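Data block below; observations after.
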Amino acid sequence: SQQGEEDPQALSIQEGENATMNCSYKTSINNLQWYRQNSGRGLVHLILIRSNEREKHSGRLRVTLDTSKKSSSLLITASRAADTASYFCATDDSSYKLIFGSGTRLLVRP
Amino acid sequence: KAGVTQTPRYLIKTRGQQVTLSCSPISGHRSVSWYQQTPGQGLQFLFEYFSETQRNKGNFPGRFSGRQFSNSRSEMNVSTLELGDSALYLCASSLNGDSGNTIYFGEGSWLTVV
Numbered sequence: 422s423q424q425g426e427e428d429p430q431a432l433s434i435q436e437g438e439n440a441t442m443n444c445s446y447k448t449s450i451n452n453l454q455w456y457r458q459n460s461g462r463g464l465v466h467l468i469l470i471r472s473n474e475r476e477k478h479s480g481r482l483r484v485t486l487d488t489s490k491k492s493s494s495l496l497i498t499a500s501r502a503a504d505t506a507s508y509f510c511a512t513d514d515s516s517y518k519l520i521f522g523s524g525t526r527l528l529v530r531p
Numbered sequence: 002k003a004g005v006t007q008t009p010r011y012l013i014k015t016r017g018q019q020v021t022l023s024c025s026p027i028s029g030h031r032s033v034s035w036y037q038q039t040p041g042q043g044l045q046f047l048f049e050y051f052s053e054t055q056r057n058k059g060n061f062p063g064r065f066s067g068r069q070f071s072n073s074r075s076e077m078n079v080s081t082l083e084l085g086d087s088a089l090y091l092c093a094s095s096l097n098g099d100s101g102n103t104i105y106f107g108e109g110s111w112l113t114v115v
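Note that the protein sequences, when read in sequence, are chains C and H.
Under our numbering, the letters of the first sequence match residues 422 to 531, in that order.
Under our numbering, the letters of the second sequence match residues 2 to 115, in that order.
Below you can see the structure in the form of structure tokens.
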């Protein structure tokens with residue numbers, strides 16, 4: 422079963438705007454990873470944040486982690502049409518598996 | 002270096018048949034895991050292998066099985082296929098599967114059961 426939910430389920434923004442996606446999870450974690458999936462394709466790794474980290478940046482991506490609230494957010498700044506995809510968070514609890522959220526479908530309109 | 006490679010990319014099978022999917026991990030990666038993705042259930046963990054040993058298995062029936070070879074390549078098999086097995090099957094690899102490893106995914110194998 423899935424670890425938690427992502428919010429919103431779908432997001433439509435204009436190119437150049439920022440997109441924020443939220444992920445909640447249920448159990449204690451060691452780290453959390455964000456992935457992107459273009460329609461019908463595999464998952465592309467975006468960023469990994471460890472449980473002792475609060476914020477991490479990678480290019481136009483900013484990820485925050487609040488372990489007290491069991492939540493994470495992914496911010497994509499200055500979005501582009503090419504960012505159109507589904508975004509998933511996945512948690513790792515040291516059991517050699519990832520537990521995925523339900524995903525956010527992002528549409529960036531040109 | 003090459004990413005995670007999965008074959009075949011697309012296949013169509015008939016109910017009752019069996020299917021074998023293959024995965025070659027990134028060079029140097031020894032942990033391979035498999036996931037099933039469906040519209041209804043999302044992404045679900047199937048199993049993980051390291052050094053030819055299964056270390057964890059998801060909540061799937063015994064019709065789903067896998068193995069890993071000494072070169073870290075992996076296969077998964079689904080026997081007696083059901084319509085509900087239609088899904089995207091994703092293989093992933095990491096250095097050793099330990100917590101904190103970045104896990105890289107392949108493009109997946111699209112299985113349609115008719």
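We put the CB at the ideal spot given by N, CA and C, even for glycine.
Bear in mind that the values here come from a model prediction, so they are computed numbers and not experimental data.
Cβ proximity to chain H below 9 Å picks out F509, A511, D513, D514, S515, S516, Y517 and K518 from the stretch 507-518 of chain C. Per DSSP, the unbroken beta strand (DSSP E) holding Q454(C) starts and ends at N452 to Q458.
Contact with chain C is absent for I13(H), since none of that chain's Cβ atoms lies less than 8 Å from the residue's Cβ. With contacts defined as CB atoms closer than 8 Å, S32(H) and G109(H) fail to qualify as a contacting pair. Taking the Cα positions, K491(C) is about 14 Å away from E476(C). For T103(H), the nearest beta carbon of chain C is closer than 8 Å to its own beta carbon. Sequence-distant partners of T113(H) (beyond 5 residues in either direction) whose C-beta falls short of 6 Å from its own C-beta, in its chain, are I13 and S87.
Taking C-beta atoms under 8 Å as the contact rule, S507(C) and E436(C) fail to qualify, at a distance of about 18 Å.
When Cβ pairs closer than 8 Å are counted between the two stretches, the stretch 77-85 of chain H is seen not to touch the stretch 99-106 of chain H, the count staying below three. Residue state for G107(H) is assigned as coil, using DSSP reduced to three classes. Our two residues, V529(C) and N439(C), have alpha carbons roughly 10 Å apart in a direct line. Listed along the chain, the chain H residues whose CB falls inside 7 Å of the CB of S523(C) are G43.
Listed by position along chain H, the residues whose Cβ is nearer than 7 Å to that of L469(C) are T103. For R10(H), there are no neighbours in chain C by C-beta distance under 9 Å, as the nearest C-beta there is about 10 Å away. For E426(C), same chain residues with a beta-carbon under 7 Å away, outside a window of 5 residues either side, are S445, G522 and S523 in chain order.
Along the stretch 487-516 of chain C, the beta strand (DSSP E) occurs as fully enclosed runs of 3 or more residues at 492-497 and 506-513, listed in sequence order. Counting along the chain, the unbroken beta strand (DSSP E) around A431(C) starts and ends at A431 to Q435. Take the alpha-carbon of S515(C) and the one of N451(C): they are about 7 Å apart. Neighbourhood of N452(C) in chain H, by CB distance below 8 Å: S100 and G101, in chain order. Distance from the CA of I434(C) to the CA of V465(C), rounded to the nearest whole angstrom, comes to 21 Å.
In the displayed model, G43(H) falls within a strand according to three-state DSSP.
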